[in-house]
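K.L.:
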Amino acid sequence: MMLHLLIGRYATIMLVIWTAGAFYLDDKAKPASRDEKVDYRYWIRYGQERLHFEIRRQQEEARSTGKVAKNVILFIGDGMGLSTITATRIYKNQLAGGYGEENGLSFEHFPYVGLAKTYEVDSQVPDSAGTATAMLSGIKINSNLAGLDARAKYKVCDRSINEKAKVENLITWAQMAGKDTGFVTTTRVTHATLAAVYAHTNSRYWECDSKVPEEYKDCVKDVARQLVEDEPGRNLKVVLGGGLNQLGVPVEQEDYVFCTRDDKQNLVEKWKQGRKNYLFVNTSRDLMEADVSKVEYLMGLFSPGHLPYALERDTSPDGQPSLLNMTVQALKLLSQNPKGYVLLVEGGNIDNAHHEGYARHALHETSEMDDSVAYAAEVTNPDDTLIIVTADHSHTLTIAGYPERGADILGSSNIMEELRGHDILTYANGPGFAGHNNSNCSQDYWREVSEKERQDLRYRPFAGWYAEKETHAGEDVPVYSRGPHANLLSGVFEQNYIAHVICYSACIGPYATYCDVTDFPKIDAAKPNSVGTLSLTYFHFFVVLLSLLQEIKLFC
Numbered sequence: 001m002m003l004h005l006l007i008g009r010y011a012t013i014m015l016v017i018w019t020a021g022a023f024y025l026d027d028k029a030k031p032a033s034r035d036e037k038v039d040y041r042y043w044i045r046y047g048q049e050r051l052h053f054e055i056r057r058q059q060e061e062a063r064s065t066g067k068v069a070k071n072v073i074l075f076i077g078d079g080m081g082l083s084t085i086t087a088t089r090i091y092k093n094q095l096a097g098g099y100g101e102e103n104g105l106s107f108e109h110f111p112y113v114g115l116a117k118t119y120e121v122d123s124q125v126p127d128s129a130g131t132a133t134a135m136l137s138g139i140k141i142n143s144n145l146a147g148l149d150a151r152a153k154y155k156v157c158d159r160s161i162n163e164k165a166k167v168e169n170l171i172t173w174a175q176m177a178g179k180d181t182g183f184v185t186t187t188r189v190t191h192a193t194l195a196a197v198y199a200h201t202n203s204r205y206w207e208c209d210s211k212v213p214e215e216y217k218d219c220v221k222d223v224a225r226q227l228v229e230d231e232p233g234r235n236l237k238v239v240l241g242g243g244l245n246q247l248g249v250p251v252e253q254e255d256y257v258f259c260t261r262d263d264k265q266n267l268v269e270k271w272k273q274g275r276k277n278y279l280f281v282n283t284s285r286d287l288m289e290a291d292v293s294k295v296e297y298l299m300g301l302f303s304p305g306h307l308p309y310a311l312e313r314d315t316s317p318d319g320q321p322s323l324l325n326m327t328v329q330a331l332k333l334l335s336q337n338p339k340g341y342v343l344l345v346e347g348g349n350i351d352n353a354h355h356e357g358y359a360r361h362a363l364h365e366t367s368e369m370d371d372s373v374a375y376a377a378e379v380t381n382p383d384d385t386l387i388i389v390t391a392d393h394s395h396t397l398t399i400a401g402y403p404e405r406g407a408d409i410l411g412s413s414n415i416m417e418e419l420r421g422h423d424i425l426t427y428a429n430g431p432g433f434a435g436h437n438n439s440n441c442s443q444d445y446w447r448e449v450s451e452k453e454r455q456d457l458r459y460r461p462f463a464g465w466y467a468e469k470e471t472h473a474g475e476d477v478p479v480y481s482r483g484p485h486a487n488l489l490s491g492v493f494e495q496n497y498i499a500h501v502i503c504y505s506a507c508i509g510p511y512a513t514y515c516d517v518t519d520f521p522k523i524d525a526a527k528p529n530s531v532g533t534l535s536l537t538y539f540h541f542f543v544v545l546l547s548l549l550q551e552i553k554l555f556c
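With UniProt numbering applied, the sequence shown covers 1 to 556.
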């Protein structure tokens, strides 16, 4: 009997040692290497594992709802980090006569909130094309590329690599499922976020043929041509934004032109070819007076490049529509499809304003996007429409000092004497540095700024480091959601996970067979650092430890 106990204890001790060793190695192996993250399969596996983990964790809630997202609306506030959201909440309420801090934006009332990690495979602070690709395809990629996984390199086109690196996304999968798709934006329709919708390119900046290096013109089409000529771009039912220059439409040139077409192609005319029931518009009147219920394809280009900021746009009938107006018409058209739709709405000028250091414009652009979210929430049913509001990345904007409650968020009120004149909103870097220095940016003291100056639409708050363009920031961004399976977007997760949740919720793409919430995804062989494996390792370790303690007690 004693021998039996000794053997049992010896075996148990060895099992504990083996398990502890395995746990130690597994814990040490947890961080994925850079090489692993270059492999697109890493991101697919991560998204699947995270989704599986969330579904299991919230299994009862998923079973009780059992709903499918017939429609998906993804709002991306370009550069709309948490400080921008907070400042806009205050700004919008102050415009309405309140203190500012008390009421939330429309999407802040959504039932689920999460945080998305925005870094890219090769960049700690991301760009818009790579982050949009992550949210749409479920795969993280390198910075400044669109629609190509991390095997592809920035500004280097290799046809054989590109063919292997092309990634499909939820726009393609929605079209395959018979849904209608489209996007609206306040930027060029060929800009970074939108390029990720339909293009596969080694540079987000290759928007028109004159930007593509001569040696690569036979390797990759410019972004505008991919929109008009290739799938899924040519199948989009709604395309609204700016970018007449990029698509080769003759216009009176502005002072700044990002790119024009050397090939002299008018891609809007090419877009019209082969379509019988289409509408092209270029003024607010034409858009809003159109009976889009009788239209199958709608394209609207309202400026040579980006649309003007909302506070500066031409609001006459011959001017540019608001983001809200574009969203209204897009939803009217897309909602006719009984199989549903996927719509991307981008508040793109939030980012442009931040880069210029124009805090007032950035907040107002965010407020405009909030109006669009409120409208979408009002006219859709949360039982069949998943609405997600998030950002691709943030900016260096901060809310600082000790201003009194209700102080003008765009002002300088502070209760501390040494902070008198300190802007409540400041940037860590950007062009605002120069305007606040007394002379030539080399002195260590700052000039006083009048309140009249601060009221200027293009006033630049103080920036701590001079840069011609203010930069992005790298902290996590919030994700607000409501609708079928929105609960899966809680917690902290990689940004590419958003695409996996959308596809699962809508039963499209890789998750087309998962409409039955009791039929959970079949996950690829788990890596040692997967959530499930790590959890089981903890469980295994403590069970065996308990067994050992029982043996010791028995021996004693």
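Cβ coordinates follow ideal geometry from the N, Cα and C atoms, glycine included.
#1: Provide the residue span of the alpha helix (DSSP H) that contains N325, from first to last.
#2: Please tell me whether R204 and N144 are closer than 9 Å, where the distance is taken between their beta carbons.
#3: Using 9 Å as the threshold, is the C-beta distance between P403 and I85 below it?
#4: Quick one: any contact between the segment 486 to 497 and the segment 341 to 358, if contact means 3 or more CB pairs under 8 Å?
#5: Quick one: Cα of E36 to Cα of Q124, how far?
#6: Kindly provide the ranges of any beta strand (DSSP E) runs that are 3 or more residues long and lie completely inside the segment 239 to 306, ordered along the chain.
#7: Could you say which of D158, A196, S413, E214 lies nearest to Q226 if we only look at CA atoms?
#8: Anyone know if the C-beta pair for V373 and F183 falls short of 9 Å?
#9: Look at the alpha carbon of I498 and the alpha carbon of L136, and state the distance between them as a whole number of angstroms.
#10: Mark A96 as exposed unless 16 or more other C-beta atoms lie within 10 angstroms of its C-beta, in which case mark it buried.
#11: Short check: CB of T185 to CB of Y341, under 9 Å?
#12: Less than 6 Å between C-beta atoms, sequence neighbours within five positions excluded: which residues of the same chain meet that for D222?
#13: Which two residues bound the contiguous beta strand (DSSP E) that contains K117?
#14: What's the gap between the Cα of G411 and the Cα of L334?
#15: Enumerated in chain order, which unbroken segments of the alpha helix (DSSP H) with a length of 4 residues or greater are wholly contained in the segment 178 to 206?
#16: What's the C-alpha gap between E127 and A134?
#17: Are S284 and Q320 touching if we call contact CB-CB under 9 Å?
#18: Using three-state DSSP, classify L25 as helix, strand or coil.
#19: What does DSSP give as the partner residue(s) for N71 in the beta ladder?
#20: Is it the case that the Cβ atoms of Y375 and L331 are separated by a distance below 9 Å?
#21: Classify L425 as helix, strand or coil using the three-state DSSP reduction.
#22: With a Cβ-Cβ cutoff of 9 Å, do M369 and L323 count as a contact?
#23: Assuming contact is defined by CB atoms lying nearer than 9 Å, are P461 and D408 in contact in what I supplied?
#24: Check this for me: beta carbons of T118 and H393, under 9 Å apart or not?
#25: Could you give the distance in angstroms between the alpha-carbon of N169 and the alpha-carbon of H354?
#26: Consult DSSP for G435 and reduce its assignment to one of helix, strand or coil.
#27: Tell me the rounded alpha-carbon separation between N71 and G435.
#28: On the three-state DSSP scale, how would you describe V125?
#29: Have a look at the DSSP bridge pairing and note the partners of Y459.
#30: With DSSP run on the structure shown, which of helix, strand or coil describes L105?
#31: Would you tell me roughly how many angstroms separate the C-alpha atoms of A400 and T426, rounded to the nearest one?
#32: What does the alpha-carbon distance come out to for the pair R159 and G147?
#33: In its own chain, which residues sit with a C-beta less than 8 Å from the C-beta of N325, not counting the 5 before and 5 after it?
#34: Residues bridged to A473 by DSSP?
#35: Is S210 helix, strand or coil when you go by DSSP?
#36: Could you tell me the alpha carbon to alpha carbon distance between S177 and A512, rounded to whole angstroms?
P.N.:
On the basis of the supplied data:
#1: Residue 325 sits at position 325 when you count from the first residue of the sequence shown. Start and end: 323 to 334.
#2: What you label residue 204 is simply residue 204 of the sequence shown in a count that begins at 1. What you label residue 144 is simply residue 144 of the sequence shown in a count that begins at 1. Their beta carbons are under 9 Å apart, which means R204 touches N144 by this criterion.
#3: Sequence index remark: in the sequence shown, residue 403 carries index 403 (1-based). Sequence index remark: in the sequence shown, residue 85 carries index 85 (1-based). No; because the gap between Cβ atoms is not below 9 Å, this pair is not in contact.
#4: no
#5: Within the sequence shown, residue 36 is the residue found at index 36, counting from 1. Within the sequence shown, residue 124 is the residue found at index 124, counting from 1. The alpha-carbon of E36 is positioned some 16 Å away from that of Q124.
#6: List check, beta strand (DSSP E) in window: 278 to 281, 297 to 301.
#7: The residue labelled residue 226 in the question sits at position 226 within the sequence shown. Residue A196 is the option with its Cα nearest to Q226.
#8: Looking up residue 373 in the sequence shown gives position 373. Looking up residue 183 in the sequence shown gives position 183. No; because the gap between Cβ atoms is not below 9 Å, this pair is not in contact.
#9: Along the sequence shown, one-based indexing puts residue 498 at 498. Along the sequence shown, one-based indexing puts residue 136 at 136. Going by the C-alpha atoms only, they are around 8 Å apart.
#10: The count along the sequence shown starts at 1 and reaches residue 96 at position 96. Per the 10 Å Cβ criterion, exposed.
#11: Position 185 of the sequence shown holds residue 185. Position 341 of the sequence shown holds residue 341. Not closer than 9 Å, so no.
#12: Along the sequence shown, read from residue 1 onward, the residue named residue 222 stands at position 222. These residues qualify, in order along the chain: W206, C208, D209, V212.
#13: For the purposes of this step, residue 117 is taken as residue 117 along the sequence shown, with counting starting at 1. Where K117 is concerned, the enclosing beta strand (DSSP E) stretches over 112 to 117.
#14: As a working mapping, residue 411 is identified with position 411 in the sequence shown. As a working mapping, residue 334 is identified with position 334 in the sequence shown. Put simply, the backbone Cα of G411 is about 42 Å away from that of L334.
#15: 192 to 198
#16: As a working note, residue 127 is residue 127 in the sequence shown. As a working note, residue 134 is residue 134 in the sequence shown. According to the sequence shown, residue 127 is Asp rather than Glu. If you draw a straight line from the Cα of D127 to the Cα of A134, it is about 11 Å long.
#17: Here residue 284 corresponds to residue number 284 of the sequence shown, with the count starting at 1. Here residue 320 corresponds to residue number 320 of the sequence shown, with the count starting at 1. Annotated as proximal: S284 and Q320, with beta-carbon spacing under 9 Å.
#18: Your numbering for residue 25 matches position 25 in the sequence shown. Legend: pLDDT at L25 = 35, less than 50; position of this residue unreliable, no value from coordinates given.
#19: Reading the sequence shown from its first residue, position 71 is the one you call residue 71. In DSSP, N71 forms a bridge with T385.
#20: Within the sequence shown, numbered from 1, the residue matching residue 375 stands at position 375. Within the sequence shown, numbered from 1, the residue matching residue 331 stands at position 331. Yes, the pair counts as a contact, with Cβ atoms nearer than the cut-off.
#21: Residue numbering aside, residue 425 sits at position 425 when the sequence shown is read from its first letter. Correct three-state label for L425: strand.
#22: Against the sequence shown, residue 369 aligns to sequence position 369. Against the sequence shown, residue 323 aligns to sequence position 323. Yes, the pair counts as a contact, with Cβ atoms nearer than the cut-off.
#23: For the purposes of this step, residue 461 is taken as the residue at position 461 of the sequence shown. For the purposes of this step, residue 408 is taken as the residue at position 408 of the sequence shown. Going by C-beta atoms, P461 is not nearer than 9 Å to D408.
#24: For this step, residue 118 is matched to residue 118 along the sequence shown. For this step, residue 393 is matched to residue 393 along the sequence shown. In this structure, H393 lies closer than 9 Å to T118 by Cβ.
#25: Position 169 of the sequence shown, counted from the start, is the residue given in the question as residue 169. Position 354 of the sequence shown, counted from the start, is the residue given in the question as residue 354. Approximately 28 Å, taken between the alpha carbons.
#26: Here residue 435 refers to the residue found at position 435 when the sequence shown is read from its first residue. DSSP places G435 in helix when its eight states are reduced to three.
#27: Here residue 71 is taken as the residue at index 71 of the sequence shown, counted from 1. Here residue 435 is taken as the residue at index 435 of the sequence shown, counted from 1. Going by the C-alpha atoms only, they are around 47 Å apart.
#28: Against the sequence shown, residue 125 aligns to sequence position 125. It is coil, neither helix nor strand.
#29: Against the sequence shown, residue 459 aligns to sequence position 459. Per DSSP, Y459 has no beta-bridge partner at all.
#30: Taking the sequence shown and counting its residues from 1, the one referred to as residue 105 is at position 105. In the structure shown, L105 sits in coil (DSSP, three-state: anything other than H, G, I, E or B).
#31: As a first step, residue 400 is located in the sequence shown; it is residue number 400 there, counting from the start. As a first step, residue 426 is located in the sequence shown; it is residue number 426 there, counting from the start. Cα-Cα distance, rounded: 7 Å.
#32: Taking the sequence shown and counting its residues from 1, one reaches residue 159 at position 159. Taking the sequence shown and counting its residues from 1, one reaches residue 147 at position 147. Approximately 14 Å between the Cα atoms of the pair.
#33: Taking the sequence shown and counting its residues from 1, one reaches residue 325 at position 325. So the list reads S284, L287, M288, once near-sequence residues are dropped.
#34: Working through the sequence shown from its first residue, we reach residue 473 at position 473. According to DSSP, A473 bridges with S394.
#35: Residue mapping note: residue 210 aligns to position 210 of the sequence shown, counting from 1. Helix.
#36: As a working mapping, residue 177 is identified with position 177 in the sequence shown. As a working mapping, residue 512 is identified with position 512 in the sequence shown. As written in the sequence, residue 177 is Ala, which differs from the Ser given in the question. Near 8 Å, if we compare the C-alpha coordinates of A512 and A177.
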